[in-house]
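Heads up: the structure comes next, in structure tokens.
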Amino acid sequence: MIPNPRVGAVVFMVKDIERSHAFYRDAFGLNLERLPGEDGGTWLMGKAGEISVICFEGEAQPGQSPIVVFELQDGGIDSVAEALAGKGVQVVTPVSEAPGGFSFDFADPDGHVWSCWQSQEKPR
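For the sequence shown, position 51 matches number 51 in UniProt numbering, and the numbering has no gaps at all.
Next up, the structure:
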């Protein structure tokens, strides 16, 4: 179970980061900041109300983008991942480092990928 589920972000895999940056800026007025990626490229992040909009450049399989991210405000990401797996939920990506914290991905019965993220400031 995810305690107090709260959507914190929607993550898009995009084919062209520059084209997407211009689209979200010009069509929606979203101010997405360019941030340096570990691979030398850039990724985008900004706010749409209380929800972060994040774009990474890369290919996505059907059902894998966008990814809705639940923010674990109190931490405990390892316990949440274990509890979901214990209920038969398919954990697609185990708990690993993510920008500013830790995340893991899981799939719903139709193969849609969801994610949980917590700040590195919170206890795992």
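Note that CB positions come from ideal geometry on N, CA and C, so glycine has one too.
Bear in mind that the values here come from a model prediction, so they are computed numbers and not experimental data.
{"Asked": "Beta carbon of I51 nearer than 8 Å to that of A22", "Found": "no"}
{"Asked": "Range of the contiguous alpha helix (DSSP H) that encloses S65", "Found": "Note, S65: premise wrong, no alpha helix (DSSP H); not H, not E."}
{"Asked": "In chain order, each alpha helix (DSSP H) run of at least 4 residues that lies wholly inside the region 44 to 111", "Found": "77 to 86"}
{"Asked": "Integer-rounded CB distance, given that R25 should sit under 8 Å from L32", "Found": "7 Å"}
{"Asked": "Distance cut-off 7 Å: E97 Cβ against heavy atoms of the ligand FAD", "Found": "As far as ligands go, the structure on display features none, and thus does not contain the ligand FAD."}
{"Asked": "Nonlocal neighbours in the same chain, by C-beta distance under 6 Å from P123, ignoring five residues either side", "Found": "G75"}
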